[in-house]
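*Asks:* These protein sequence lines are chains A and B, in that order.
First residue of the first sequence: 20, per my numbering; consecutive thereafter.
First residue of the second sequence: 20, per my numbering; consecutive thereafter.
Glycine residues also receive a C-beta, built at the ideal position from the N, C-alpha and C atoms.
None of these values were measured; they are calculated from a predicted model.
2 protein chains.
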Amino acid sequence: MAHVKVADELCTVSLPAALLGERWTLLLLRQAFLGTRRFEDFQTAMDISRSVLTERLGTLVEEGILRREAYKDVRTRYEYRLTEKGLDLYPVLVALRKWGDRWMSPDEGPSFDLHHRTCGGDIGVHVSCEGCGDVLTARDVRVTPLRDSPA
Amino acid sequence: MAHVKVADELCTVSLPAALLGERWTLLLLRQAFLGTRRFEDFQTAMDISRSVLTERLGTLVEEGILRREAYKDVRTRYEYRLTEKGLDLYPVLVALRKWGDRWMSPDEGPSFDLHHRTCGGDIGVHVSCEGCGDVLTARDVRVTPLRDSPA
DNA sequence: CCCTTGAGTTCGGATTCCGAACCCTAGCTG
DNA sequence: CAGCTAGGGTTCGGAATCCGAACTCAAGGG
Numbered sequence: 020m021a022h023v024k025v026a027d028e029l030c031t032v033s034l035p036a037a038l039l040g041e042r043w044t045l046l047l048l049r050q051a052f053l054g055t056r057r058f059e060d061f062q063t064a065m066d067i068s069r070s071v072l073t074e075r076l077g078t079l080v081e082e083g084i085l086r087r088e089a090y091k092d093v094r095t096r097y098e099y100r101l102t103e104k105g106l107d108l109y110p111v112l113v114a115l116r117k118w119g120d121r122w123m124s125p126d127e128g129p130s131f132d133l134h135h136r137t138c139g140g141d142i143g144v145h146v147s148c149e150g151c152g153d154v155l156t157a158r159d160v161r162v163t164p165l166r167d168s169p170a
Numbered sequence: 020m021a022h023v024k025v026a027d028e029l030c031t032v033s034l035p036a037a038l039l040g041e042r043w044t045l046l047l048l049r050q051a052f053l054g055t056r057r058f059e060d061f062q063t064a065m066d067i068s069r070s071v072l073t074e075r076l077g078t079l080v081e082e083g084i085l086r087r088e089a090y091k092d093v094r095t096r097y098e099y100r101l102t103e104k105g106l107d108l109y110p111v112l113v114a115l116r117k118w119g120d121r122w123m124s125p126d127e128g129p130s131f132d133l134h135h136r137t138c139g140g141d142i143g144v145h146v147s148c149e150g151c152g153d154v155l156t157a158r159d160v161r162v163t164p165l166r167d168s169p170a
């Protein structure tokens, strides 16, 4: 995370935003959630330069979002797999996807579908109130500064 | 969106990922959702260079996520406000925040709280099945490629 | 008139990114 | 066993971005 200074006002939005808002990182995670695991596969799927890929994979491993693991195929290979922490980013990616479906959908429609593995239903993401259960939008939420209010 | 080629495999995850995964963009949106609207306020709150801020605000306006509007204070000012399309990114930001709370929380805890405006309850984001209503994780979801399967 | 403020623009130097070439190790091939 | 190939990187020079600081420009204010 080269530009963590970007988020030096320690905040639980800006820290992850600084990490994920780095070129390629979100794309890389998308690819990981689609099942890509090997260096070569990331490289060809995303058409990213090898040096930058090395670096990004490295940061994500450092951050504990991916785990680098050797395994025996016909010979020793390495794979990058999502950790618990990484898998926990799923809502972010799905939210991105839902937004993309709605606002940036290419004419041919999305390139893959998501369904509930057991019942086959569509997947959704919702911001909701843990108290009353209502589904909320930005306007229904009140922000309360806790420390030195940010400007 | 300088590096849209990054996402030329047209996909409703990679398009937004390429847009938001650009340095500063997510931070800028966080700031916008916190209520920042003016050039100067963004600049000082995020400590971003003015030229890059100009450019980022520009792309977000082009993309229809922000709207630039003149208004009369003591004199004519400009503000950048979230459009409908922009507001609709809220789940992404909240998902980021939730993940940050869980995995990157600084010792002092988060710097602001979110509550349901009407009932005061906590805010959550969940991936769920629109069919059966279950809350899902990445492992509960099946991916079905629709076009040329991406490697 | 001169000063200040908001909102940018411009510019030189520092970073980061890119593509292409190179390296190293294991297994296979003959 | 010499040589070839593939996966997974590293290195390098040039191109694209980013940064901080200074400059611009218009509208009030004193």
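To which residues of the same chain is L155 of chain A closer than 7 Å at the C-beta, ignoring the five residues directly before and after it?
*Replies:* Taken in chain order, the residues that qualify are V146, S147, C148.
*Asks:* Only counting the same chain, and skipping five residues up and downstream in sequence, which positions put a Cβ closer than 6 Å to that of L115 of chain B?
*Replies:* There are no such residues.
*Asks:* Output, in chain order, the set of chain A residues within a Cβ distance shorter than 7 Å of S124 of chain B.
*Replies:* The contacting residues are T31.
*Asks:* Quick check: what's the CA-CA separation for G105 of chain A versus K91 of chain B?
*Replies:* Distance between the alpha carbons of G105 of chain A and K91 of chain B is about 46 Å.
*Asks:* What residues in its chain sit with their C-beta under 8 Å from that of M65 of chain B, if we drop five residues either side in the sequence?
*Replies:* Excluding positions up to five away in sequence, the list reads W43, L46, L47, Q50, L72.
*Asks:* Would you call S130 of chain A buried or exposed, if buried means 16 or more other Cβ atoms sit within 10 Å of its Cβ?
*Replies:* The residue in question, S130 of chain A, is buried, as its Cβ has 16 or more Cβ neighbours within 10 Å.
*Asks:* So that I know if they touch, is there some Cβ in chain A lying closer than 7 Å to that of F61 of chain B?
*Replies:* Closer than 7 Å: no.
*Asks:* With distances taken from CA atoms, which of A:A36, A:F61, A:R158 is nearest Y97 of chain A?
*Replies:* With distances taken between Cα atoms, Y97 of chain A lies closest to A:F61.
*Asks:* Determine whether the beta carbon atoms of T55 of chain A and G83 of chain A lie at a separation below 7 Å.
*Replies:* No, these two residues do not count as a Cβ contact at 7 Å.
*Asks:* In its own chain, which residues sit with a C-beta less than 7 Å from the C-beta of L112 of chain A, not counting the 5 before and 5 after it?
*Replies:* Excluding residues within five positions, the ones whose Cβ falls inside 7 Å are L48, R49, F52.
*Asks:* Determine the extent of the alpha helix (DSSP H) in which S70 of chain B is found, giving its start and end residues.
*Replies:* Note, S70 of chain B: alpha helix (DSSP H), 69-81.
*Asks:* In whole angstroms, give me the CA-to-CA distance for C151 of chain B and L108 of chain A.
*Replies:* Using only the alpha carbons, I get a separation of about 22 Å.
*Asks:* Taking buried to mean at least 16 other C-beta atoms within 10 Å of its own C-beta, is G143 of chain A buried or exposed?
*Replies:* It counts as buried.
*Asks:* Output needed in chain order: residues of the segment 138-163 of chain A with a Cβ under 8 Å from some Cβ in chain B.
*Replies:* Against chain B - using a Cβ distance shorter than 8 Å - the residues of the segment 138-163 of chain A are C138, G139, G140, D141, I142, G143, V144, H145, V146, S147, C148, E149, G150, C151, D153, L155, T156, A157, R158, D159, V160, R161, V162, T163.
*Asks:* When you check each C-beta in the segment 48-76 of chain A against every C-beta of chain B, which residues fall closer than 9 Å?
*Replies:* Hits within the stretch, in order: L48, R49, Q50, F52, L53, G54, T55, D60, T63, A64, M65, D66, I67.
*Asks:* So which residues on chain A does E41 of chain B lean against when the C-beta distance must stay under 8 Å?
*Replies:* Within 8 Å Cβ-Cβ: G40, R42.
*Asks:* Does the CB of M20 of chain A have a neighbour CB from chain B at under 7 Å?
*Replies:* Because the pLDDT of M20 of chain A is 35, which lies under 50, any placement of that residue in the model is unreliable, and the number read from its coordinates should be weighed accordingly. So no, M20 of chain A is outside the interface.
*Asks:* Under 7 Å, do T163 of chain A and D120 of chain B count as touching if we go by C-beta distance?
*Replies:* No, the Cβ-Cβ distance between T163 of chain A and D120 of chain B is not below 7 Å.
*Asks:* Which whole-angstrom value describes the C-beta separation of C159 of chain B and R100 of chain A, a residue pair presumed to lie in contact below a C-beta threshold of 8 Å?
*Replies:* The question names Cys, but residue 159 of chain B in the sequence shown is Asp. No, D159 of chain B and R100 of chain A are not in contact; Cβ-Cβ is about 18 Å, not under 8 Å.
*Asks:* Comparing alpha-carbon positions, which option in A:S70, A:G128, A:I67 lies nearest L165 of chain B?
*Replies:* Minimum Cα distance to L165 of chain B is reached at A:G128.
*Asks:* For A36 of chain A, does the count of other Cβ atoms within 10 angstroms reach 16, so buried, or fall short, so exposed?
*Replies:* The residue in question, A36 of chain A, is buried, as its Cβ has 16 or more Cβ neighbours within 10 Å.
*Asks:* Considering only DSSP beta bridges, list what A89 of chain A is partnered with.
*Replies:* According to DSSP, which records beta bridges pairwise, A89 of chain A is partnered with A:Y97.
*Asks:* Report the neighbours of A89 of chain A on chain B: residues whose CB is nearer than 8 Å to its CB, in chain order.
*Replies:* None at all; the shortest Cβ gap to chain B is about 22 Å.
*Asks:* For D132 of chain B, return the contacting residues in chain A, with the cut-off set at a CB-CB distance below 9 Å.
*Replies:* What D132 of chain B touches in chain A: R161, V162, T163, P164, L165.
*Asks:* Quick one: measure Cβ to Cβ for G140 of chain A and E41 of chain B, integer angstroms, because I've assumed they're closer than 8 Å.
*Replies:* Between E41 of chain B and G140 of chain A the Cβ distance is about 33 Å, and since that is not below 8 Å, they are no contact.
*Asks:* Excluding the five sequence neighbours on either side, which residues of its own chain have a C-beta within less than 8 Å of the C-beta of L76 of chain B, listed in chain order?
*Replies:* The residues are L47, F58, F61, L85, R87, Y99.
*Asks:* At a CB-CB cut-off below 8 Å, which residues of chain A make contact with R121 of chain B?
*Replies:* In chain order: D107.
*Asks:* Residues bridged to T163 of chain A by DSSP?
*Replies:* Looking at the DSSP assignment, T163 of chain A forms a beta bridge with B:D132.
*Asks:* Just to make sure I have the definition right: I need the residues of chain B whose C-beta is within less than 7 Å of the C-beta of R136 of chain A. Which are they?
*Replies:* Per Cβ cutoff of 7 Å: D159, V160, R161.
*Asks:* Using a Cβ-Cβ distance under 7 Å, would V111 of chain A count as near chain B?
*Replies:* It does: the Cβ of V111 of chain A has a partner Cβ on chain B nearer than 7 Å.
*Asks:* Measure the CB-CB distance between L34 of chain B and M123 of chain A and report whether it falls below 7 Å.
*Replies:* Going by C-beta atoms, L34 of chain B is nearer than 7 Å to M123 of chain A.
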